[in-house]
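Student:
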Amino acid sequence: MRGEFGERIRPRHYRQTRLVGYNTDFHSAGLFYNRGAIDNHMPLLDIVTYPDPILHTVGRPVDAEDLENGLADAVSRMFETMYEAGGVGLAAPQVGISKRFFVMDVRDEDGNKRPQTFINPQVIHIEGEQIGEEGCLSFPGLFQTIRREMRVVVRALDLTGNEFEADLEGLGARCILHETDHCDGIVFIDRVTPIKREIARRKIKRLQQTGEWV
Ligand code: ZN
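This is the structure in structure tokens:
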């Protein structure tokens, strides 16, 4: 079943019986999110896993028509899906929408939720360096050490079409870069050395053979 923007809506019976066996995104940053209360009235989305070609497709820009045609609904389903899967970021291509937007929730120091939507994101400034382990909801159970910039200034539109800028450091910056990569058809194993990528591919193959790659 597909939504307005081609998002893959999970059938209700499947949703209720599916085990969420991985809570992976960015675990090394010390952020383990509890699975939140699920609103049963809002269909959840299927998360696309590697090597689905949509993950290597450059997303089309969101236009005014998209904003008028219920992008907000797709965004709230994406938030719900992301929270259920225990992630801190989820980009449109990961739910079957080949467009440039993503949702993320990097909590503040007090653990408060901070949901943010970035539409047509543009990284306009980067600075510094951080090296850390990343996960990705499209790569269940796979972690990679990735070098990213420490600070990022991103310009994007919100759901009302207004432009805003956000200045983030640490995990927030890492998340922005990871999700903007998804909008550009780049996945995190594209950011490692060829040898590490080959090792990752072999691990994925093993997981596929044992049925752990869903
Ligand atoms: Zn990802």
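When we follow the working numbering, the leftmost residue of the sequence shown carries the number 33, and every step to the right adds one.
We treat Cβ as the ideally placed atom computed from N, Cα and C, and that holds for glycine.
For clarity, every value in this text was computed on a predicted model and none was experimentally measured.
(1) Using CA coordinates, which residue listed in 174, 171 and 149 is at the minimum distance from residue 188?
(2) Would you tell me roughly how many angstroms separate the C-alpha atoms of residue 232 and residue 90, rounded to the nearest one?
(3) Identify, in the order they occur along the chain, each residue of the same chain with its Cβ nearer than 7 Å to the Cβ of residue 245, setting aside the five sequence neighbours on each side.
(4) If I measure Cβ to Cβ from residue 107 and keep anything under 7 Å in the same chain, skipping five residues before and after, which residues do I get?
(5) May I have a chain-ordered list of the alpha helix (DSSP H) segments no shorter than 4 residues that lie completely inside the region 174 to 231?
(6) Give me the DSSP bridge partner(s) of residue 151.
(7) Can at least three beta-carbon pairs, one atom from the region 84 to 99 and one from the region 213 to 231, be found at a separation below 8 Å?
(8) Taking CB distances under 8 Å as the criterion, tell me whether residue 79 reaches chain B.
(9) Could you check whether the region 171 to 185 touches the region 120 to 128, counting it as contact only if at least three pairs of C-beta atoms, one from each stretch, sit closer than 8 Å?
(10) I need the straight-line Cα distance from residue 128 to residue 39, nearest angstrom please.
(11) Work out the CA separation of residue 99 and residue 182 for me, nearest whole Å.
(12) The alpha helix (DSSP H) that contains residue 99, what's its start and end?
(13) Enumerate in chain order the residues of its own chain whose CB-to-CB distance from residue 168 is below 6 Å, with the five nearest sequence positions on each side excluded.
(14) Going by the beta-carbon positions, is the gap between residue 117 and residue 79 smaller than 8 Å?
(15) Compute the Euclidean distance between the alpha carbons of residue 115 and residue 203, then round it to the nearest angstrom.
(16) Do residue 138 and residue 212 count as a contact pair if the criterion is CB distance below 8 Å?
(17) Give me, in chain order, the residues of the same chain whose beta-carbon lies closer than 6 Å to that of residue 193; leave out the 5 immediate sequence neighbours on both sides.
(18) Can you tell which of 243, 36, 241 and 234 has the C-alpha that lies nearest to the C-alpha of residue 130?
Tutor: For this structure:
(1) Distances from the alpha-carbon of residue 188 to those of 174, 171 and 149 put 149 closest.
(2) For residue 232 and residue 90, the distance between alpha carbons rounds to 22 Å.
(3) Around residue 245: 81, 172, 236 and 239.
(4) 135, 149 and 191.
(5) Runs found: 203 to 215.
(6) Assignment of beta-bridge partners to residue 151 by DSSP yields 133 and 189.
(7) Contact holds: three or more Cβ-Cβ distances are below 8 Å.
(8) In the structure shown, chain B does not exist; there is a single protein chain.
(9) Contact check between the region 171 to 185 and the region 120 to 128: fewer than three CB pairs, one atom from each, fall below 8 Å, which does not count as touching.
(10) If you take the alpha carbons of residue 128 and residue 39, they lie about 5 Å apart.
(11) Spanning the two alpha carbons is a distance of roughly 31 Å.
(12) That run of the alpha helix (DSSP H) goes 96 to 100.
(13) A distance below 6 Å between beta-carbons, with the five flanking residues on each side excluded, links residue 168 to the following residues of its chain, in chain order: 220.
(14) Residue 79 sits close to residue 117, with the two beta carbons spaced by under 8 Å.
(15) Pairing residue 115 with residue 203, the inter-Cα distance amounts to about 17 Å.
(16) One thing to note: residue 212 has its Cβ no nearer than 8 Å to the Cβ of residue 138.
(17) So the list reads 99, once near-sequence residues are dropped.
(18) Distance from the Cα of residue 130 is smallest, within the candidate group 243, 36, 241 and 234, for 36.
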